[in-house]
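Beneath this line is the structure, given in structure tokens, with notes to follow.
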Amino acid sequence: MLQQEFRFLIVSFDGLRPDLIGPTLTPNLCRLKAAGVTLASHRTVYPTETRSAFPSLVTGATTDRHGMVGNKYVDRSVMPPCYIDTSDALLLRRLDLESGGRLYSAPSLGEILASAGCSLAVLATNTPGTTRLFHHKAEDFGHVRLSGHFREACTPDGVLAEIEARTSPLTPAPPKTEPDRIGQDWITSAFLDVVWPKYRPDVTILSYGEPDVTSHFHGTGAEATRSIIAHCDRQFGRVIDWWEAEGRQAGVQIFAISDHGHITGHTRISVADSLRAAGFSPGVVPAPDVDVVVVPGQVGALYLADPNEAKVARLVATITSESWCGTVFTRAKDEVNGIAPGSLSNRLVFADHVRAPDVAFCFRADDTIDPFGLVGGTFYDNDRRAGLGLHGGLHPKELAALGIVAGSAFPNIGSASFLSSGICDVAPTILHLLGVDAPPTMGGRVLGEVLRPASSAEVTIRGEIFEARLGSYRQVLRRVAVGDTSYVESGMAES
Ligand SMILES: [Zn+2]
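Each residue of the sequence shown is one higher than the one before, counting from 164 in this note's numbering.
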């Protein structure tokens, strides 16, 4: 029997570092902190990329279970292998239909809610692909999924038309160098003016695509980024005003989250140049003359045309000899080590999936202070200047995510919980409060420590450290386990 007194609103701020929250920049997030419980040790999953993390939000599972192994990946289940960029909403729909509904290899929140007679609504200003990934089957259930800019990600047509008539027509996304204000305003109005009053979804995801884009193009602490953070917070303030006036009494529980942080690129390198110098023939997409695909981005993902153990070992020996190389993962040889000397097993970071690269690496990151006074710097491989925001790896500031919960289910108002928690815990906690069974693929846990009544079960907490070496290269991975759920804390390398 469903406990219908609870409804849920997940508000996400893409790429917001929790250490940027404060009374001057984000007074409304601070209002929520005062009204709720702060998850002070909240983290995202590896890789710390948007289109791995949000699938984890809605499946309650790490990438090894849901299969979205990165923003981009190589699909070797088809011949010839195919490069997939998951920012494309129409491509994602086609992949899901062609695979018999197996785009995700775990059930997602929208499907689970639908089978329990509940609804999930999505309003997002992220890329069309990210917007679809929040509820990739919304059209199959008649659920609402709205993009603040992209018609191809919206469903149903009638709801979009209704909101455009009531608020304003969709506008194209601004150039990436310009902070996106209008989109945040539109999705906030769409929720407050139409989606909530008319459709009353059981669960709503309201996802601000900023400050991520502005951080990438201006820098994490830049004036433009601070200004879009403040703007998103003002929109969030409209949501909190509604919640205090109406939503809270209607049983709405709020989760304010982010999907990853950002660190700052300080040294530009070229992975392809290093591989070429070592005798490989790298390319960015599979091709007959390419023996290793280097997936572009801040997530090091290398796919070999012939991934035999000797080739994987040669590739790992090549990159671990470079000053830019951080942690390195390959498929498991045993509980800790990967098949290549010096690498760790990709199971340790919950990234062992059929779509996973043969060699997954992070760019070497460190605790340098960036020009804005923020901790966290890294090597990077893209055509942009140094000083800009990046994420994808295992620096603690990439893994750290915003987490605040508020509502009648969370009684310790104004408190903070320092027990480790993560993005995979949101869906199991919501399903628990709705009285809906979570599927076995959900590896996240119910956040019993912040609920009413607080869980009385004794929980075991255990730190874990894993290490691998090759020559002068050494990498260390740290995790913390809370009961059966493990959270990656950091992964760092040195020579
Ligand atoms: Zn993101």
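Yeah, the Cβ is synthetic: ideal placement off N, Cα and C, and Gly gets one too.
So, for residue i: in the same chain, excluding its five sequence neighbours on each side, which residues have a beta-carbon less than 6 Å away from its beta-carbon?
i    : result
L286 : L309, I350, A353, F354 and L369
P342 : T377, A387 and I391
M164 : Confidence is the limiting factor: at M164 the pLDDT is only 40, short of 50, which leaves the residue's position unreliable and the question unanswerable from this model.
Q638 : T490, A631 and A656
P669 : For residue 669 there is no data in the structure shown, the boundaries of the chain being 164 and 658.
A468 : D454
R194 : I403
T213 : T293 and D422
V609 : P591, T592 and H595
V651 : Y209, V512 and R642
T367 : L172 and A284
V458 : K235 and A464
E435 : Here residue 435 is Ala; the residue named in the question, Glu, does not match the sequence. Result list for A435: P445 and V457, in chain order.
Taking 7 Å as the cut-off, is the CB of residue i close to at least one heavy atom of ligand 1?
i    : result
D343 : no
D375 : yes
T288 : no
G178 : yes
T213 : yes
D436 : no
H423 : yes
Within the same chain, show all residues whose beta-carbon is closer than 8 Å to that of residue i, passing over the 5 residues directly before and after it, in chain order.
i    : result
P364 : R170, S282, L283, A284, H306, V307 and V358
R257 : none
Q166 : At Q166, the pLDDT of 46 sits below 50, so the modelled position is not reliable; the number obtained from the coordinates is stated separately. Cβ within range, chain order: L596, L597 and G598.
N500 : S506, L507, S508 and A631
S649 : F513, E627, R642 and V643
P449 : V237, P243, P244, C245, Y246, V456, Y466 and A468
L254 : I247, D248 and G292
In its own chain, which residues sit with a C-beta less than 7 Å from the C-beta of residue i, not counting the 5 before and 5 after it?
i    : result
R401 : T351 and L355
G536 : G384
S584 : L202, S204, H205, G566 and L610
W406 : V415 and I417
D259 : L266 and H299
Is the beta carbon of residue i sitting closer than 8 Å to the one on residue j?
i    : j    : result
I502 : T493 : yes
H394 : R344 : yes
S433 : D544 : yes
S219 : I586 : yes
F526 : V208 : no
N509 : A528 : no
T340 : G428 : no
H298 : G552 : no
A579 : A279 : no
E327 : L333 : yes
G659 : G382 : This structure gives no information on residue 659, because the portion of the chain shown stretches from 164 to 658.
A252 : E315 : yes
K300 : E261 : no
D396 : L183 : no
P504 : A476 : yes
F146 : C488 : The question about residue 146 has no answer, for the chain in this structure spans 164 to 658.
P612 : L582 : Per the sequence shown, the amino acid found at residue 612 is Glu instead of Pro. In contact: E612 and L582 (Cβ atoms closer than 8 Å).
If contacts are defined as beta-carbon pairs under 8 Å, then residue i and residue j qualify, I think. What distance do you get, rounded to the angstrom?
i    : j    : result
D530 : V538 : 6 Å
N289 : G372 : 4 Å
A216 : D422 : 4 Å
A569 : I417 : 5 Å
H554 : G292 : Going by Cβ atoms, the distance from H554 to G292 rounds to 17 Å, so no, they are not a contact pair.
I420 : L565 : 6 Å
V622 : G607 : About 14 Å separates the two Cβ atoms, so there is no contact after all.
A224 : A277 : That belief does not hold up - the Cβ atoms of A224 and A277 are roughly 18 Å apart, past 8 Å.
L188 : R389 : 6 Å
S635 : S658 : 5 Å
V517 : S240 : 7 Å
D515 : D320 : Not really, about 40 Å apart at Cβ, beyond 8 Å.
L640 : F629 : 4 Å
R180 : G424 : 4 Å
Does any residue of chain B bring its CB to less than 8 Å from the CB of residue i?
i    : result
A579 : No chain B appears in the structure shown, which is made up of a single protein chain.
(request) Assess, as a yes-or-no matter, whether the segment 438-450 is touched by the segment 602-612 under the definition of 3 or more beta carbon pairs within less than 8 Å. (result) Not touching, per the Cβ criterion.
(message) Any contact between the segment 172-184 and the segment 573-586? By contact I mean 3 or more CB pairs, one from each, below 8 Å.
(response) Look at the beta carbons and you see the segment 172-184 not touching the segment 573-586: under three pairs across the two are nearer than 8 Å.
(request) Taking 8 Å as the threshold, find out whether the segment 552-560 comes into contact with the segment 244-254 through three or more Cβ pairs. (result) The segment 552-560 is not in contact with the segment 244-254.
(message) Count Cβ pairs between the segment 457-466 and the segment 231-241 that sit closer than 8 Å; are there 3 or more?
(response) Yes: the two stretches touch, three or more of their Cβ pairs being nearer than 8 Å.
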